[in-house]
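Those sequence lines, one after another, are chains A and B.
Oh and the first sequence: position 78 is 95 in our numbering, straight run, nothing missing.
Oh and the second sequence: position 106 is 88 in our numbering, straight run, nothing missing.
In this text, a Cβ means the ideal position worked out from N, Cα and C, and glycines have one as well.
Computed from a predicted structure; not experimentally measured.
These notes are about the structure you will find just below.
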Amino acid sequence: MSALRLLAEQDPGELVEGLTAVGRGIVYGGAAIGPGIGIGIVVGNAITAMARQPESAGVVRTTMFLGIAFTEALALFGFVLSFIISG
Amino acid sequence: MLGLEFPPISELVEWKSFGPGGLNKVGLIYVVSALLTIAFFMTAVAKGRKQRVPTGVAAIAESSVDFVRNQIIMQTMGTEGMVYLPLLATMFFFIFFSNIFEIIPGVQFPANARIAMPIVLALLVWLIFNVAGIVKQGPIQYFKGILFPPGVPKALYLLVTPIELVSTLLVRPLSLSVRLFANMLAGHLILATFAVLSAALFSASISIVVMPFSFLLLVFLMGFEILVSFLQAFIFTILAAVYIGGAVHPEH
């Protein structure tokens, strides 16, 4: 109850500012989870492929960068969105 | 509280205009990197004509054109894509030069951390791959290839066609520009953060023990940003090559 009273006594501008900061954190943190796992899978499998067939390392590396680029785009959308959000 | 003054993001990316037409630091970096790209290849051509074995600038230019040909075009389009070699090589060097100003002392701003030029470049790529596809396959065949990819069961077209329409014609230029822009902005913010932290540790007496480590991390991140600015130029160019190649050579 005391926490609610504290919230009610806050200046609404301050509350909006604080919650905006929390929202920005949640947006970027949430957007980074999936791509983090995804890039791990992409690079891990690329390393496996390079270790099994070192002679195809060139092709694998190019494809790996492509895969990273596509996966990473989602995290970057979250990064940009976290700047766009404003109270 | 943080305990130290961190500059707001508007102070890190916005610059006063000082020239005609609102020219500011970002615009100046783009002009300089365009001139650098032109000068680089012109000098290489002028020197390479005279020498039998290229040295200096000509050797660097030759090996970098070789890099664009072998690592970007041959991997994605094959020999038919050699028409796009001048476009992709100049695009690679323009993006790389405007990125590398991130770590050059005294400038220290990647021009691509403002989204204007990445959007222009992505729209250019969008225009080129659409026009190339329409010219090569004819408009009906080209849009049929995008909207109704072969090898999909008939009933699934209800689901696949809207997704393909959005992902090919809308998300491609958007993700291409946002990828370059957000990577450079993030790199710039990281460098600014660690520079501010190192400066704060310099002034505090008790933290003199940890100061060298934070400074070393800043130096390490500078090196990392060299890699990032090269990699982003490479990824932008190779994705442009993939999109053009996909439009010119449809899947069967």
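- Contact check for Ile85(B) against Met204(B) passes: the beta carbons are separated by less than 8 Å.
- When rounded, the separation of the alpha-carbon atoms in Ala38(A) and Trp(-3)(B) is 25 Å.
- Contact annotation: Ser159(B) and Ala104(B) have beta-carbon atoms nearer than 8 Å.
- Gly133(B) and Pro100(B) have their C-alpha atoms spaced approximately 35 Å apart.
- Taking the C-beta atoms as reference points, Phe79(B) is found no nearer than 8 Å to Phe91(B).
- For Ala164(B), the residues of chain A that pass the 7 Å Cβ criterion are Leu93, Phe96 and Val97, in the order they occur in the chain.
- Its Cα nearest to that of Pro(-11)(B), the residue Val178(B) stands out among Ala215(B), Ser149(B) and Val178(B).
- Within the same chain, and ignoring the five residues on either side of Leu183(B) in sequence, the residues whose Cβ sits closer than 7 Å to its Cβ are Ser189, Val192, Met193 and Ser196.
- Val224(B) has a beta carbon lying within less than 8 Å of a beta carbon in chain A.
- With a threshold of 8 Å between beta carbons, Val59(A) makes no contact with chain B.
- A direct Cα-Cα distance of roughly 13 Å separates Ala16(B) from Ala71(B).
- Asp28(A) sits in coil when the DSSP states are folded into three classes, being neither helix nor strand.
- Residues of the stretch 147 to 163 of chain B with a Cβ closer than 8 Å to any Cβ of chain A, in chain order: Ser157, Val160, Arg161 and Phe163.
- Around the Cβ of Ala26(B), a 10 Å sphere holds 16 or more other Cβ atoms; the residue is buried.
- Comparing alpha carbon positions, the residue from Ala223(B), Val113(B) and Phe218(B) closest to Ala164(B) is Phe218(B).
- In this structure, DSSP gives Arg22(A) a helical state, which the three-state scheme calls helix.
- With fewer than 16 other CB atoms across the displayed protein chains lying within 10 angstroms of its CB, Leu109(B) is exposed.
- In the three-state DSSP reduction, Val192(B) falls in the coil class, being neither helix nor strand.
- Membership of Asn6(B) in any alpha helix (DSSP H) is not indicated, and neither H nor E is assigned to it by DSSP.
- For Lys7(B) and Arg161(B), the gap between their C-alpha atoms comes out near 22 Å.
- Annotated three-state conformation of Val178(B) is helix, per DSSP.
- Annotation: Tyr66(B) is outside any alpha helix (DSSP H) and is labelled neither H nor E by DSSP.
- Of the residues assessed, Leu173(B) falls on the buried side of the cut-off, its CB having 16 or more other CB atoms within 10 angstroms.
- With contacts defined by Cβ atoms closer than 8 Å, Gly75(A) and Val44(A) do not form a contacting pair.
- Residue contact check for Val76(A) against chain B: a CB pair falls below 8 Å.
- Among the CB atoms of chain A, none fall inside 8 Å of the CB of Leu17(B).
- Collapsing the DSSP output to three states places Gly88(B) in coil.
- Between Leu83(A) and chain B, the shortest Cβ-Cβ separation is below 8 Å.
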